[in-house]
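Just below is one structure, and these are the notes that go with it.
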Amino acid sequence: MLLTATFALTAWMGGRTTNRNATNSGSEAIAGELLSNTGGSYGHHRVTENTGGSYGHHRVTENTGGSYGHHRVTENTGGSYRHRRVYEADFQTVNIGGQIWMAENLNVDRFRNGDIIFHARTEEEWITAGENRQAAWCYYDNDSVKGPAYGKLYNWYAVNDPRGLAPEGWKIPSGGDWLVLFRFLGGAHLAGAKMKSTEHWADYKGESGNGTNESGFKGLPGGFRNSDGYFFAFDSGKHGYWWSSELCETYLEPLCLKLFYYEDFALLESNDAVWGLSVRCLKDETPSED
898 MLLTATFALT AWMGGRTTNR NATNSGSEAI AGELLSNTGG SYGHHRVTEN TGGSYGHHRV
958 TENTGGSYGH HRVTENTGGS YRHRRVYEAD FQTVNIGGQI WMAENLNVDR FRNGDIIFHA
1018 RTEEEWITAG ENRQAAWCYY DNDSVKGPAY GKLYNWYAVN DPRGLAPEGW KIPSGGDWLV
1078 LFRFLGGAHL AGAKMKSTEH WADYKGESGN GTNESGFKGL PGGFRNSDGY FFAFDSGKHG
1138 YWWSSELCET YLEPLCLKLF YYEDFALLES NDAVWGLSVR CLKDETPSED
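The opening residue of the sequence shown carries number 898 in my numbering; numbering runs sequentially from there.
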């Protein structure tokens, strides 16, 4: 079975096989069960195959609503079992001045090579990950319900990990990439309003803090997690933060984009690498070496 999507992350594990509801076709038995939902929610597909007298199992769970699909594939070749887990994602994208951006925050739990990123659920786990400079992620308030709309919060050690946080063909934007975006939107003093979503931002002095989303970036006030593991600024709808791939030359801390509820400005500032911020990816136009 060939699975294709925007990117694939694979990891291998062991297991056993089963054969249910099998029908016989020559020397091959193929069994399958299919449950699907194509109305923008999750569809679950389980297919069990036998080719050449040995059993291969394919379990696929996918979302056809333009967001994340997760594929589990278990295969048997040559009489020995191998289990392959494939995570695929289809992202909403937007072209802003020739730059191709994801139109949603990153929401992956594996690096590009398939390695699992540590999920820090407790304050202690978050603090320890920071002290050890360990890549980590969490949901805001550890609430997975927020994931589909707001994505995950990642520390900068995940962003900077050589295994690659961005999916294949994508990259974490540099400070220069953010500045190109600002310039296209009329400068940093105007860019914030055009990047902010049209809802969920707090009011300021009786006026709406929402943006126009003229750019299609759809920036939400996703808040952040600080070095002590505390969450801030989500429920109040006041701030959104997105990592850059670069360090600030002055403070030697990673740069991030910050959007505000009380003004239209888009700011690049340095931040503590142990904080948990949102991530937005940019299409990588670097020529291939092949």
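The beta carbon of each residue, even a glycine, is placed where N, CA and C say it ideally should be.
Legend entry - Helix, strand or coil at E1104 according to DSSP, with G and I counted as helix: In the structure shown, E1104 sits in a strand (DSSP, three-state: E or B).
Legend entry - Top-ranked residue by Cα proximity to T870, from G1116, Q1031, Y1051, E1022: For the chain, the structure presents residues 898 to 1187; residue 870 sits outside this window and is missing.
Inset, instruction - Assuming L1003 and G1044 form a contact by the criterion Cβ under 8 Å, report the distance between their Cβ atoms to the nearest whole angstrom. - result: About 11 Å separates the two Cβ atoms, so there is no contact after all.
Legend entry - Spatially closest choice to W1023 from C1178, S1112, L1174, by CA coordinates: For the residues C1178, S1112, L1174, the minimum Cα distance to W1023 belongs to L1174.
Inset, instruction - Could you tell me if G1103 is buried or exposed, where buried requires 16 or more neighbouring beta carbons within 10 angstroms of its beta carbon? - result: So G1103 ends up on the exposed side.
Legend entry - Close-in-space but distant-in-sequence residues of the same chain around T974 (CB under 6 Å, 5 per side omitted): Any answer about T974 is weak, because its pLDDT of 35 lies below 50 and its placement is not dependable; what the coordinates show is given next. Take T974, set aside five residues on each side of it, and no residue of its chain has a beta-carbon closer than 6 Å to its own.
Legend entry - Buried/exposed call for Y1158, threshold 16 Cβ in 10 Å: Of the residues assessed, Y1158 falls on the buried side of the cut-off, its CB having 16 or more other CB atoms within 10 angstroms.
Legend entry - Extent of the continuous beta strand (DSSP E) to which G1137 belongs: 1136-1144 is the extent of the beta strand (DSSP E) around G1137.
Legend entry - A1088, enclosing alpha helix (DSSP H) - first and last residue: That run of the alpha helix (DSSP H) goes 1085-1092.
Legend entry - Span separating the alpha-carbon of D1074 from that of Y1037: A straight-line Cα-Cα distance of about 26 Å links D1074 and Y1037.
Inset, instruction - Assuming A1170 contacts W1053 (C-beta within less than 8 Å), just tell me the rounded distance between them. - result: Contact between A1170 and W1053 holds, since their C-beta atoms are separated by about 4 Å, short of 8 Å.
Inset, instruction - Just the C-alpha distance for A1063 and R1009, rounded to the nearest angstrom, thanks. - result: Distance between the alpha carbons of A1063 and R1009 is about 7 Å.
Inset, instruction - Pull up the DSSP beta-bridge partners for T990, would you. - result: Beta-bridge pairing links T990 to M999.
Legend entry - Same chain, Cβ closer than 6 Å to F1114, neighbours up to 5 away in sequence not counted: Excluding positions up to five away in sequence, the list reads M1092.
Inset, instruction - State the Cα-Cα distance for the pair D1058 and S1071, rounded to the nearest angstrom. - result: Rounded to the nearest angstrom, the gap between the Cα atoms of D1058 and S1071 is 15 Å.
Legend entry - Closest by C-alpha distance to G1140, when choosing among G1106, L1164, L1087: Reading the sequence as shown, one finds Trp at residue 1140 and not Gly. Among G1106, L1164, L1087, the Cα nearest to that of W1140 belongs to L1164.
Legend entry - Cβ-Cβ distance between F1128 and P1118 below 8 Å: Contact annotation: F1128 and P1118 have beta-carbon atoms that are not nearer than 8 Å.
Inset, instruction - Would you please state the rounded distance, in angstroms, between the beta carbons of Q1189 and L1179? I believe it to be under 8 Å. - result: A question about residue 1189 goes unanswered here, because the residues of the chain that appear run from 898 up to 1187.
Inset, instruction - Round the Cβ separation of W1098 and N1110 to the nearest angstrom and send it over; I've been treating them as touching at under 8 Å. - result: 11 Å between Cβ atoms; not a contact.
Inset, instruction - Helix, strand or coil for K1068, going by three-state DSSP, please let me know. - result: If DSSP states are grouped into helix, strand and coil, K1068 belongs with the strands.
Legend entry - Helix, strand or coil at F1114 [DSSP, three-state]: Coil.
Legend entry - From A1088, E1028, Y1138, S1167, residue whose alpha carbon lies closest to that of E1146: Among A1088, E1028, Y1138, S1167, the Cα nearest to that of E1146 belongs to S1167.
Inset, instruction - Please find out if some non-hydrogen atom of the ligand FMN comes closer than 7 Å to the beta-carbon of T1109. - result: Although the ligand FMN was asked about, the structure shown includes no ligands whatsoever.
Inset, instruction - Go ahead and pull the three-state DSSP assignment for A1033. - result: Three-state DSSP puts A1033 in a strand.
Legend entry - Cα-Cα separation between S1112 and F1162, rounded to whole angstroms: The alpha-carbon atoms of S1112 and F1162 are separated by roughly 14 Å.
Legend entry - Contacts around A1026, its chain only, beta-carbon distance under 7 Å, and the 5 residues preceding and following it disregarded: Excluding residues within five positions, the ones whose Cβ falls inside 7 Å are F1015, A1017, A1033, N1052.
Inset, instruction - Can you grab the Cα-Cα spacing for the pair G1137 / D987, in whole Å? - result: For G1137 and D987, the distance between alpha carbons rounds to 23 Å.
Legend entry - Residues bridged to K1180 [DSSP beta-bridge criterion]: In the DSSP output, where bridge partners are listed per residue, K1180 has W1067.
Legend entry - Three-way DSSP call (helix, strand, coil) for F1079 in this model: Looking at F1079 - three-state DSSP - the assignment turns out to be helix.
Inset, instruction - Taking only beta-carbon positions, decide if E1021 is within less than 8 Å of chain C. - result: No chain C appears in this structure, which consists of one protein chain only.
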